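Read in order, the letters of the sequence shown are residues -14 to 173 in our numbering. Where a beta carbon is used, it is the ideal one built from N, C-alpha and C, also for glycine. Predicted model, so just to flag it, every value in this text is computed and none were measured. Take a look at the structure below.
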Amino acid sequence: MIATHFIVAAVAIVVGALGGFAYARHRRKLESAGAGSVRRILLPFTGTAISRRSLDAALRLARAEDATLVPAFLATVPRHLPLDAAVPAQCNVGMPLLEAIEQAAATAAIPVDSRVGRGRTYRHALALLLEQEPVDRVIVPAAGDARGGLSGDDLVWLLERAPAEVLILRPGFTDDRRITGDAVRGHF
């Protein structure tokens, strides 16, 4: 009789453990597919510098939402060249900053999946990138002046057409802190 109770108790413990494991697995699956989950955050940039506030915001959101940061250098390809042609001059401009962003993310323990978007214009490069890369959120640094990069029309286009949440961040006029590729440790 005691042996029967012991066997029943052992079976109940095993069934309970398996049920708990299955429930936890099912719950993780639901949470990862939930409406509030953000898994990839795109951070496009066009030049040799990005505002410190934009990068900090992207890193904070990626950490808070357990997301992968996708920094993307947008390169323009002249019309007389094929879209997949090498653009070494532009890569010499953007790659050090891409490396600096990767190093900042690594220091913050944020996963990174860097990209180079190519197009005839910055908007075209961004459109192609959004078609190819599934992202849940786009954080766009806005210069607030004529320093180049995405224009106001490009930002309006992004707000109207991006298949993701869009956050446009312009630092205050007196905040000129920037991240550049000048201090990159490595091969540049």
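The bridge partners DSSP lists for residue 60 are 103. DSSP places residue -11 within a helical segment (H, G or I) once states are collapsed to three. One Cα belongs to residue 93, the other to residue 74, and the distance between them is close to 30 Å. Counting only the Cα atoms, residue 70 lies some 14 Å from residue 110. Residue 118 carries a coil assignment under DSSP once its states are collapsed to helix, strand and coil.
The shortest C-alpha to C-alpha distance from residue 116 to any of 102, 37, 77, 36 is the one to 102.
Beyond the five residues adjoining it in sequence on each side, residue 26 comes within less than 8 Å, by CB distance, of 43, 46, 47, 50, 52, 53, 54, 55, 120, 121, 122, 123, 124 in the same chain, given in chain order.
Residue 107 and residue 61 do touch by the CB rule: their CB atoms are close to 7 Å apart, below 8 Å. Restricting attention to 88, 105, 58, 82, the CA atom closest to the CA of residue 68 is found in 105.
Counting along the chain, the unbroken beta strand (DSSP E) around residue 153 starts and ends at 150 to 154.
Leaving aside the five residues that flank residue 150 on each side, the residues in its chain whose CB is nearer than 6 Å to its CB run, in chain order, 122.
Under the three-state reduction of DSSP output, residue 39 falls in the helix class. Per DSSP, residue 95 is not a residue of any beta strand (DSSP E), being assigned neither H nor E. As the crow flies, the alpha-carbon of residue 99 is around 6 Å from that of residue 57. Within the same chain, and ignoring the five residues on either side of residue 83 in sequence, the residues whose Cβ sits closer than 7 Å to its Cβ are 56, 58, 99. DSSP places residue 25 within a strand segment (E or B) once states are collapsed to three. Residue 52 sits in coil when the DSSP states are folded into three classes, being neither helix nor strand.
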